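The listed protein sequences correspond, in order, to chains A and B.
Okay, so the first sequence: first residue is 1 according to my numbering, each after it adds one.
Okay, so the second sequence: first residue is 332 according to my numbering, each after it adds one.
Have a look at the structure below, then the notes.
Number of protein chains: 2
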Amino acid sequence: MSKFTVGVDLGGTNLRIAGFTNDWQRLTSLAIPTRTREGPATVLGDMASAIRHLIDQCGGEGELEGIGVGSPGPIELPAGRLLQPPNLPGFHELELKVELEALLNLPVIIESDANAAALAEAHAGLGREFSADSLCMLTLGTGVGGGIILNGKIWHGMNGMAGEIGHVAVWPEGMLCNCGNRGCLELFASATGIARMAREAAAEGRSPKVRELVDHHQPVTARHVAEFAEAGDPGSLGVYDTVGRALGLALADLVNTLNLPLYTIGGGAAAAWPLFAPVMFRELERASYVYRLTQPADRSRYEAGKTNVFPAQLGADSGLLGAAMVPRYVG
Amino acid sequence: MSKFTVGVDLGGTNLRIAGFTNDWQRLTSLAIPTRTREGPATVLGDMASAIRHLIDQCGGEGELEGIGVGSPGPIELPAGRLLQPPNLPGFHELELKVELEALLNLPVIIESDANAAALAEAHAGLGREFSADSLCMLTLGTGVGGGIILNGKIWHGMNGMAGEIGHVAVWPEGMLCNCGNRGCLELFASATGIARMAREAAAEGRSPKVRELVDHHQPVTARHVAEFAEAGDPGSLGVYDTVGRALGLALADLVNTLNLPLYTIGGGAAAAWPLFAPVMFRELERASYVYRLTQPADRSRYEAGKTNVFPAQLGADSGLLGAAMVPRYVG
Chain A
1 MSKFTVGVDL GGTNLRIAGF TNDWQRLTSL AIPTRTREGP ATVLGDMASA
51 IRHLIDQCGG EGELEGIGVG SPGPIELPAG RLLQPPNLPG FHELELKVEL
101 EALLNLPVII ESDANAAALA EAHAGLGREF SADSLCMLTL GTGVGGGIIL
151 NGKIWHGMNG MAGEIGHVAV WPEGMLCNCG NRGCLELFAS ATGIARMARE
201 AAAEGRSPKV RELVDHHQPV TARHVAEFAE AGDPGSLGVY DTVGRALGLA
251 LADLVNTLNL PLYTIGGGAA AAWPLFAPVM FRELERASYV YRLTQPADRS
301 RYEAGKTNVF PAQLGADSGL LGAAMVPRYV G
Chain B
332 MSKFTVGVDL GGTNLRIAGF TNDWQRLTSL AIPTRTREGP ATVLGDMASA
382 IRHLIDQCGG EGELEGIGVG SPGPIELPAG RLLQPPNLPG FHELELKVEL
432 EALLNLPVII ESDANAAALA EAHAGLGREF SADSLCMLTL GTGVGGGIIL
482 NGKIWHGMNG MAGEIGHVAV WPEGMLCNCG NRGCLELFAS ATGIARMARE
532 AAAEGRSPKV RELVDHHQPV TARHVAEFAE AGDPGSLGVY DTVGRALGLA
582 LADLVNTLNL PLYTIGGGAA AAWPLFAPVM FRELERASYV YRLTQPADRS
632 RYEAGKTNVF PAQLGADSGL LGAAMVPRYV G
């Protein structure tokens, strides 16, 4: 009998749920706002009823293999307890797994959203295309998430908190981060960080384009900054230069520490790859002698036995697909 | 029939060889100078004849299980080819495994010295004592070596170069390292780095004790600096403050990335633990929120499920013992 799996992507803004076939074809999906302000009980109730609805809809596809939920971190795993998640205020110490299982009367496996995205890239994206069974993925979104896949499996560490690469310091004497550290990668490579740096550039008179938005009380987004940089706005170009340097330094540490065959960068802000990649590679090559000893002759092609760095393949849905993969690969 | 294993520690200064029983008791050992200046052929010949001599001596103990060699890195593994080893000038691209096997007519397994030391701590030191099957070890010697053990096995990465933590940048805009990067951990936490920082402190008038050595044309060693710090010499105290900050920053990155239960610091310069550990823990706690979420209530006792940081247990012989363990755990 055929089987299907349900994946849930619990975001700070949207809650997305989808059913997938055995070979990861999407069956049906739905997206609703995450009613964070109403508190955890409301969000849990919304999740449970949406999951039930989806299971009903997919029932004709066979047996339910499992339910996987990708959640913003940090989360204690496999317990599935949230710990001070910055993107879900008020959800501290929420027993996500226990409470969702009680509502559904079905087993649920929780995973961090960044780990789920990395799992999807490993089994249905770049990892599958290149037969690379280990990789590290950075997801540039509101924050910077990290996921490490070793020999096909998520490296969780002892309590599920491995891969917090967004809080690796790239400039340890730099700006203070919410996490308490200084100069975290997340401050310089997330969509939030890009918008902040652009506003700083505007305030210092280096970005007429961003200044115009600010003067008109318009929000500044990473997408705006990328457009302005493409049009030659000096401040916006400078921002993406910083993004590239920060990513290059973080990758250099990862390459020296883990010596993986594949590193990939996803999330919305990774769409600006052409703007930051040249600087990123220049920094990576300078800062990591392991990279220099293992760099591919041609960066645009995957080479086995070399250190390959590519933009992620699966786009915005990797977190949702990865959540659905969790019951098979983690559970 | 009982078995024995031969371990070889190929150092830049000394070549040490020992036989070990099945349960890692040392049978017999010998140490000879590494005749680096005479070139690789001489050193290989010395190794081969010392290994043969040792096998003869241990012959009564049963069957030879295997021969493991710990070598300064970087080494391509499992091929066992040296790549620009800074502590073995002239040994670039030496096929250590192939050439040693040809001389001995026996299989040999090569490992990096820092990985071998970490393996020994895992299976006969702290890891065994605490039943921790994953750990990361930093070895503070001429350089700073790193070894990562995941689920009881060395994490080699794709070509044996994982664990190059000595070249993770702790101050990316700092001093230039031989590896091409800036502000590497090794510059601030190795014995060489400690001596250099002490001479700098003396030149700036902050260390009367070190100044005295320099004025008398005496070499400055990390051990001197530790003694002077214990006696209250301000410049020497400042040096160990920097050692602690650098180690704390490097550990913070490792804790955020890998979330292991155990981190350990060995090598000669780790003997000054009381001088650098308080600053190291202060930095680690500040810079890693994963550490803050998982720190033991009492740092002096191992706690399961927490992030434990301890001085290594096995002392200077861990590299030799670890080399002997390589045939069983890696081969």
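Even glycine gets a Cβ: it sits at the ideal position worked out from N, Cα and C.
Everything numeric in this text was worked out from a predicted model, so none of it was measured.
Given a threshold of 16 other Cβ atoms within 10 Å of its Cβ, counted over all protein chains shown, does B/L589 qualify as buried or as exposed?
Residue environment analysis places B/L589 among the buried positions, since at least 16 neighbouring C-beta atoms fall within 10 angstroms of its C-beta.
Cutoff 8 Å: B/C510 Cβ touching any chain A Cβ:
True, the Cβ-Cβ gap to chain A drops below 8 Å.
By the DSSP assignment, the alpha helix (DSSP H) with A/K3 in it spans what residues?
First-last for A/K3: K3 to L10, but that is the beta strand (DSSP E), not the alpha helix (DSSP H).
A/V330 CB to nearest chain B CB: under 8 Å?
Output row for A/V330: interface = no.
Just to confirm the assignment: which complete beta strand (DSSP E) runs, minimum length 3, are found wholly within the region 112-153 of chain A?
Complete beta strand (DSSP E) runs here, min 3: 135-140 and 144-150.
Closest Cα partner of A/E76 within the set A/E129, A/N159 and A/H92
Out of A/E129, A/N159 and A/H92, A/N159 has the C-alpha closest to the C-alpha of A/E76.
Using a Cβ cut-off of 8 Å, which residues of the region 572-592 of chain B contact any Cβ in chain A, in chain order?
Listed by position, the residues of the region 572-592 of chain B near chain A (Cβ gap below 8 Å) are L580, A583, D584, L585, N587, T588, L589, N590, L591 and P592.
In chain order, what residues of the same chain have a beta carbon less than 8 Å from the beta carbon of A/P33, not counting five sequence neighbours either side?
Around A/P33: T13, N14 and L15.
Any beta carbon from chain B within less than 8 Å of A/R81's own beta carbon?
By this cut-off, A/R81 is not an interface position.
Residues in the same chain with beta-carbon distance under 8 Å from A/R206, minus the five sequence neighbours each way, listed in chain order, please.
The beta carbon of A/R206 sits closer than 8 Å to those of P234, G235 and G238, all from its chain and outside the five residues before and after it, given in chain order.
Relative to the C-alpha of A/P40, which candidate in A/G266, A/I110 and A/L100 has its C-alpha closest?
Closest by alpha carbon: A/L100.
Proximal chain A residues relative to B/H498, where beta-carbon distance stays under 7 Å
Residues of chain A passing the Cβ test: N256 and Y289.
Could you please give the first and the last residue of the uninterrupted alpha helix (DSSP H) stretch that includes A/R211?
Secondary structure note for A/R211: its alpha helix (DSSP H) is the uninterrupted segment P208 to D215.
What are the boundary residues of the beta strand (DSSP E) that B/L589 is part of?
Note, B/L589: premise wrong, no beta strand (DSSP E); alpha helix (DSSP H) at P565 to L589.
Might you give, ordered along the chain, the residues of its own chain that have their beta carbon closer than 6 Å to the beta carbon of A/V8, omitting 5 neighbours on each side?
Counting only residues of its own chain and dropping the five nearest sequence neighbours on each side, A/V8 has a CB closer than 6 Å to the CB of I17, V69 and A323.
Classify A/A231: buried if its beta carbon has 16 or more other beta carbons within 10 angstroms, exposed otherwise.
So A/A231 ends up on the exposed side.
My output table needs one value for B/T552: the three-state DSSP class, helix, strand or coil.
Of the three classes helix, strand and coil, the one that applies to B/T552 here is coil, per DSSP.
Classify A/R328 as helix, strand or coil using the three-state DSSP reduction.
DSSP places A/R328 within a helical segment (H, G or I) once states are collapsed to three.
Is any beta-carbon of chain A found at less than 8 Å from that of B/N490?
Residue-level contact check: B/N490 touches chain A, since one or more beta carbons of chain A fall below 8 Å from its beta carbon.
List the residues that DSSP assigns as beta-bridge partners of A/L176.
Answer is A/R182.
Along the chain, where does the alpha helix (DSSP H) containing A/R282 start, and where does it finish?
Run containing A/R282: W273 to A287, per the alpha helix (DSSP H) assignment.
Return no unless some Cβ of chain A is closer than 8 Å to the Cβ of B/P403.
Taking CB atoms only, B/P403 has no neighbour in chain A less than 8 Å away.
Contact criterion: CB-CB distance below 8 Å. Does B/V610 meet it with respect to chain A?
Chain A has no Cβ within less than 8 Å of the Cβ of B/V610.
For A/G397, return the contacting residues in chain B, with the cut-off set at a CB-CB distance below 9 Å.
Outside the shown range of chain A (1 to 331) lies residue 397 of chain A, about which nothing can therefore be said.
Do you know offhand how far B/G411's Cα is from A/T294's?
Distance from the CA atom of B/G411 to the CA atom of A/T294, rounded to whole angstroms, is 16 Å.
I'd like to know if A/L15 contacts chain B, where contact means its C-beta is closer than 8 Å to some C-beta of that chain.
Using a Cβ-Cβ cut-off of 8 Å, A/L15 does not count as an interface residue toward chain B, since no Cβ of chain B sits closer than that to its own.
Measure the beta-carbon distance from A/E93 to A/L106 and round it to whole angstroms, keeping in mind my assumption that it falls under 8 Å.
With a Cβ gap of about 23 Å, A/E93 and A/L106 do not count as contacting.
Could you confirm whether any beta carbon from chain A is found closer than 8 Å to the beta carbon of B/V627?
One detail in the question is off: residue 627 of chain B reads as Pro in this sequence, not Val. No, because no Cβ of chain A sits closer than 8 Å to the Cβ of B/P627.
Could you spell out the range, first to last residue, of the beta strand (DSSP E) harbouring A/L15?
It spans N14 to T21 - the beta strand (DSSP E) in which A/L15 sits, taken as one unbroken run.
Would you mind telling me which residues of chain A sit closer than 9 Å to B/G636, beta carbon to beta carbon, in chain order?
Those within 9 Å of B/G636 in chain A are M158 and N159.
Grouping DSSP H, G and I as helix and E and B as strand, with all else coil, what is A/G68?
Strand at A/G68.
Closest Cα partner of A/S65 within the set A/L254, A/G125 and A/V6:
Note that residue 65 of chain A is Glu in the sequence shown here, rather than Ser. Relative to A/E65, the option among A/L254, A/G125 and A/V6 whose CA is nearest is A/V6.
Could you name the residues of the same chain whose beta carbon sits closer than 7 Å to that of B/V610, not counting the 5 residues immediately before and after it, in chain order?
So the qualifying residues of the chain are D572, G575, R576 and G579.
Taking just the CA atoms, how far does B/L375 sit from A/T192?
Cα to Cα, the separation comes out at about 56 Å.
Contact set between B/R617 and chain A, taken where Cβ atoms lie within less than 8 Å
In chain order: G180 and N181.
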